[in-house]
């Protein structure tokens, strides 16, 4: 069992090593809204695997980081309806 854990953790650890350090502001890809041209510009060449999606959400090349590099910003709206700006 420990060998299996170590094997799986080594694979997952390689994915996490690509991510920016905490705090890493990012928007989950299951619920967001943006202008279509901004979204199309932020799309990676492919989203075929879980790792592709993970990088699209959380990496240095994430949709959030691409938007911020365009001089825009991400706003998260909580269940109370209050917005939280990505720079806060």
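In my numbering, the protein residues as written are -8 to 79.
Cβ coordinates follow ideal geometry from the N, Cα and C atoms, glycine included.
Quick caveat: nothing in here was measured; it's all calculated off a predicted structure.
Item	Value
Under 8 angstroms, with one C-beta from each stretch per pair, do the region 9 to 16 and the region 25 to 38 reach the 3-pair mark?	no
So, at 7 angstroms on beta carbons, what are the nonlocal neighbours of residue 45 in its own chain, with the 5 sequence-adjacent residues on each side left out?	6
How is residue 79 classed by DSSP in three states: helix, strand or coil?	Unreliable positioning characterises residue 79 in this predicted model, as indicated by a pLDDT of 49, which lies under 50. A coordinate reading is not provided.
Under a three-way DSSP split, which group does residue 28 fall into?	helix
Taking the alpha helix (DSSP H) that residue 15 falls in, what are its first and last residues?	Run containing residue 15: none; DSSP gives neither H nor E here.
Cβ atoms of residue 19 and residue 42: under 8 angstroms apart, would you say?	no
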